[in-house]
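*Asks:* Once you've had a glance at the structure underneath, I'll fire off some questions.
Number of protein chains: 2
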Amino acid sequence: MTIPAPASGNISADLGADPLRIWFRVIRLHRRAVNTVASELKALGLSIPQFDLLSTLTEREGMSQQELAERLYVTKGNVSGLLDRMVEADLVERRAIPGDRRSNALYLTKKGRDLAEKGIAAQSAYVQRTLGSLPSQDLADLERIILTWRERARIEEDATLAKLEP
Amino acid sequence: MTIPAPASGNISADLGADPLRIWFRVIRLHRRAVNTVASELKALGLSIPQFDLLSTLTEREGMSQQELAERLYVTKGNVSGLLDRMVEADLVERRAIPGDRRSNALYLTKKGRDLAEKGIAAQSAYVQRTLGSLPSQDLADLERIILTWRERARIEEDATLAKLEP
DNA sequence: GGCCGATAGTTTCAATATAAACTGACTGCC
DNA sequence: GGCAGTCAGTTTATATTGAAACTATCGGCC
């Protein structure tokens, strides 16, 4: 083990684990990684929102705009406008549903599917070159810590929503 | 030590450390945390970009719009419009610099400083309640892994930029 | 003194985003 | 059958963002 043990009885502040500093590190790393992936996607002619939409549809075509909005964590108005541009660019199709004239079933065009696959490959390759080069023990630790963190974040999210939207 | 040792000789795929799965977990956790903080800031009347601008100015007032743009990783045109609205809302002041009529020195108003402090306190409290509740050993491990990850991300960023902007 | 390149900021255009109002269609219930 | 409430999607208004063109100013150099 190469992890230095912090002094258990510390006189000054514990410099080894300031949560706020780590939070900022995560924020900056996220921004760095997203920007790098975005510039690769841009070379394919895709923006991040467009890629997110395409890759979500790749998992299961035929979903409604409402469901897509929920999966992407954006508003349905946002999806409506985003889809307008992507239909115009011949990446996605809005198909009518026989039983329900309110909703659309969304399908990828061939062009959309091809671009989605290239984008997914680019993203996977980037992640493999960066996160994938870490020791497997670190990856296992990271995932475990992230999952613990997520639990706390879920609790706080519920508490915040309950307080702000009573 | 509570870290379970993974089997060293595995027959099937190593399900314990798929980098792409961990990457998606980080993306979703980041979105979750940012959204929660954003909803608390919104209760103060601040958006995320506005809060970022205010908290950056809190660290050192008097900087130029150009420097602010670099610190926030946004374009100077972006800062220009964002500042227009925040000056209008009486959160920030553009002051002339005696020696240079090109640039402005940016200062917080009292209202801006008060709001910034409340926002910073809200963010710190959120991070303490979530990330701060993890065992200190996990925090130390997390920071070490993040720093390693960052190194790989930096290398890839440089390579990507060199390839796309020759 | 005056020109050239660099610098600071603004403006413009298009994309992305939320929130909220609105339209049309479906569903349950009486 | 018909109305109330819900649901899917669009529209509108505003904010945020990048990219690129534009304006004004500064600095150095001849």
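Same order as they appear, the protein sequences are chains L and E. Its first residue numbered -3, the first sequence is counted upward by one per residue in our numbering. Its first residue numbered -3, the second sequence is counted upward by one per residue in our numbering. Virtual Cβ for every residue (Gly too), placed ideally from N, Cα, C.
1) With burial defined as no fewer than 16 other Cβ atoms inside 10 Å of the residue's Cβ, what is the status of E/Phe20: buried or exposed?
2) Taking the DSSP output, what are the residues bridged to E/Asp96?
3) Residues of the stretch 32 to 51 of chain L with a CB closer than 7 Å to any CB of chain E: list them in chain order, please.
4) Between the beta-carbon of L/Ala29 and the beta-carbon of L/Ile44, is there less than 7 Å?
5) Is L/Ser99 near L/Ser60, with beta carbons less than 7 Å apart?
6) Could you tell me the distance, in whole angstroms, from the CA atom of E/Ile84 to the CA atom of E/Leu104?
7) If contact means a Cβ-Cβ distance below 8 Å, which residues of the stretch 134 to 150 of chain E contact chain L?
8) Would you list, in chain order, the members of the stretch 50 to 64 of chain L that have their beta-carbon closer than 7 Å to a beta-carbon of chain E?
9) Tell me the DSSP secondary structure of E/Ala101 in three-state form.
10) With DSSP run on the structure shown, which of helix, strand or coil describes L/Val88?
11) Look up E/Asp14 in the DSSP assignment and say whether it is helix, strand or coil.
12) Would you mind giving the Cβ-Cβ distance between E/Arg132 and L/Ala149, rounded to the nearest angstrom? I have them listed as a contact below 8 Å.
13) Out of L/Val88, L/Gly41, L/Leu42, which one is the CA nearest neighbour of L/Leu64?
14) Within 7 Å of any Cβ in chain L, is that where the Cβ of E/Ile18 sits?
15) Consider the Cβ of E/Val152: report whether some Cβ of chain L lies at a distance smaller than 7 Å.
16) Does the beta carbon of L/Thr71 come closer than 7 Å to any beta carbon on chain E?
17) Output yes or no for whether 7 Å exceeds the beta carbon distance between E/Thr32 and E/Ala112.
18) Does E/Ala29 have its Cβ less than 7 Å from a Cβ in chain L?
19) Any C-beta of chain E sitting closer than 7 Å to the C-beta of L/Arg67?
20) Chain E partners of L/Ala118, CB-CB under 7 Å?
21) Have a look at E/Ala117 and E/Lys107 and give me their C-alpha separation to the nearest angstrom.
22) Leaving out the 5 sequence neighbours to the left and right, which residues in its chain are closer than 8 Å to L/Thr126 when beta-carbon positions are compared?
23) Just the C-alpha distance for L/Asp48 and E/Met82, rounded to the nearest angstrom, thanks.
24) Rounded to whole angstroms, how far is the Cβ of E/Ile142 from the Cβ of L/Leu25, which I believe are closer than 8 Å?
25) Go through its chain and collect everything with a Cβ distance to E/Gly115's Cβ below 8 Å, but skip five positions before and after it.
26) Closest by CA to L/Tyr69, which one among E/Arg17, E/Tyr69, E/Ile23?
27) Should L/Arg56 be listed as close to the ligand PLP, given that the test is whether its C-beta is under 6 Å from any heavy atom?
28) Mind checking E/Gly163: buried by the 16 CB within 10 Å criterion, or exposed?
29) Does the Cβ-Cβ distance between E/Leu130 and L/Thr144 come in under 7 Å?
30) Taking the alpha-carbon positions, what's the E/Arg109 to E/Arg90 distance?
31) Does any CB atom of chain E fall closer than 7 Å to the CB of L/Pro176?
32) Return no unless some Cβ of chain E is closer than 7 Å to the Cβ of L/Ala13.
33) Counting along the chain, where does the alpha helix (DSSP H) carrying L/Thr52 start and finish?
34) If you drop the 5 nearest sequence neighbours on each side, which residues of the same chain put their C-beta closer than 8 Å to that of L/Tyr122?
*Replies:* A quick look at the data gives this:
1) Here residue 20 of chain E corresponds to residue number 24 of the second sequence, with the count starting at 1. E/Phe20 comes out exposed.
2) Taking the second sequence and counting its residues from 1, one reaches residue 96 of chain E at position 100. Beta-bridge pairing links E/Asp96 to E/Ile93.
3) Thr32, Ser35, Glu36, Ala39
4) Stepping through the first sequence from its first residue, residue 29 of chain L is reached at position 33. Stepping through the first sequence from its first residue, residue 44 of chain L is reached at position 48. Their beta carbons are not under 7 Å apart, which means L/Ala29 does not touch L/Ile44 by this criterion.
5) Here residue 99 of chain L is taken as the residue at index 103 of the first sequence, counted from 1. Here residue 60 of chain L is taken as the residue at index 64 of the first sequence, counted from 1. Yes, Cβ-Cβ distance for L/Ser99 and L/Ser60 is below 7 Å.
6) If you number the second sequence from 1, residue 84 of chain E lands on position 88. If you number the second sequence from 1, residue 104 of chain E lands on position 108. A small fix is needed here, since residue 84 of chain E is Glu in this sequence, not Ile. So the two alpha carbons sit approximately 13 Å from each other.
7) Asp134, Leu135, Ala136, Asp137, Leu138, Glu139, Arg140, Ile141, Ile142, Leu143, Thr144, Trp145, Arg146, Arg148, Ala149, Arg150
8) none
9) On the second sequence, position 105 is the one that residue 101 of chain E refers to. E/Ala101: strand per DSSP, three-state reduction.
10) Here residue 88 of chain L refers to the residue found at position 92 of the first sequence. Three-state result, L/Val88: strand.
11) For the purposes of this step, residue 14 of chain E is taken as the residue at position 18 of the second sequence. The answer is coil: DSSP assigns E/Asp14 none of H, G, I, E or B.
12) The sequence position of residue 132 of chain E within the second sequence is 136, counting from 1. The sequence position of residue 149 of chain L within the first sequence is 153, counting from 1. Per the sequence shown, the amino acid found at residue 132 of chain E is Ser instead of Arg. The pair is not a contact, with the Cβ atoms about 18 Å apart (cut-off 8 Å).
13) Position 68 of the first sequence, counted from the first residue, corresponds to residue 64 of chain L. Considering only alpha carbons, the answer is L/Val88.
14) The residue you call residue 18 of chain E lines up with position 22 of the second sequence. Chain L, which has a Cβ nearer than 7 Å to the Cβ of E/Ile18, makes this yes.
15) Working through the second sequence from its first residue, we reach residue 152 of chain E at position 156. The question names Val, but residue 152 of chain E is Glu in the sequence shown. Yes, because at least one Cβ of chain L sits closer than 7 Å to the Cβ of E/Glu152.
16) The count along the first sequence starts at 1 and reaches residue 71 of chain L at position 75. For L/Thr71, the answer is no, since every Cβ of chain E falls outside 7 Å of its Cβ.
17) As a first step, residue 32 of chain E is located in the second sequence; it is residue number 36 there, counting from the start. As a first step, residue 112 of chain E is located in the second sequence; it is residue number 116 there, counting from the start. No, the Cβ-Cβ distance between E/Thr32 and E/Ala112 is not below 7 Å.
18) Numbered from its first residue, the second sequence carries residue 29 of chain E at position 33. It does: the Cβ of E/Ala29 has a partner Cβ on chain L nearer than 7 Å.
19) By 1-based counting over the first sequence, the position of residue 67 of chain L is 71. L/Arg67 does not count as touching chain E.
20) Stepping through the first sequence from its first residue, residue 118 of chain L is reached at position 122. Near L/Ala118 there are no residues of chain E at all, since even the closest Cβ is about 10 Å away, more than 7 Å.
21) Here residue 117 of chain E refers to the residue found at position 121 of the second sequence. Here residue 107 of chain E refers to the residue found at position 111 of the second sequence. Their backbone Cα atoms lie some 15 Å apart in a straight line.
22) Along the first sequence, one-based indexing puts residue 126 of chain L at 130. Same-chain partners within the cutoff: Ala29.
23) Your numbering for residue 48 of chain L matches position 52 in the first sequence. Your numbering for residue 82 of chain E matches position 86 in the second sequence. The straight-line gap from Cα to Cα measures roughly 32 Å.
24) Counting from one through the second sequence, the residue named residue 142 of chain E turns up at place 146. Counting from one through the first sequence, the residue named residue 25 of chain L turns up at place 29. With 8 Å as the limit, E/Ile142 and L/Leu25 qualify as a contact, their Cβ atoms being about 6 Å apart.
25) Within the second sequence, numbered from 1, the residue matching residue 115 of chain E stands at position 119. Result list for E/Gly115: Leu37, Leu40, Leu42, Phe47, Leu50, Ser51, in chain order.
26) Against the first sequence, residue 69 of chain L aligns to sequence position 73. Answer by Cα proximity: E/Ile23.
27) Questions concerning the ligand PLP fall outside what the structure shown contains, since it holds no ligand whatsoever.
28) Past the edges of chain E, shown from -3 to 162, lies residue 163 of chain E, and the structure says nothing about it.
29) Start at 1 with the first residue of the second sequence, and residue 130 of chain E comes out as number 134. Start at 1 with the first residue of the first sequence, and residue 144 of chain L comes out as number 148. Contact: yes.
30) Your numbering for residue 109 of chain E matches position 113 in the second sequence. Your numbering for residue 90 of chain E matches position 94 in the second sequence. Each residue's Cα considered, the two are about 15 Å apart.
31) Because chain L spans -3 through 162 in this model, residue 176 of chain L falls outside it and cannot be assessed.
32) For the purposes of this step, residue 13 of chain L is taken as the residue at position 17 of the first sequence. It does: the Cβ of L/Ala13 has a partner Cβ on chain E nearer than 7 Å.
33) Here residue 52 of chain L refers to the residue found at position 56 when the first sequence is read from its first residue. 44 to 55 is the span of the alpha helix (DSSP H), which, as asked, contains L/Thr52.
34) Mapped onto the first sequence, residue 122 of chain L falls at position 126. Result list for L/Tyr122: Ala29, Thr32, Val33, Glu36, in chain order.
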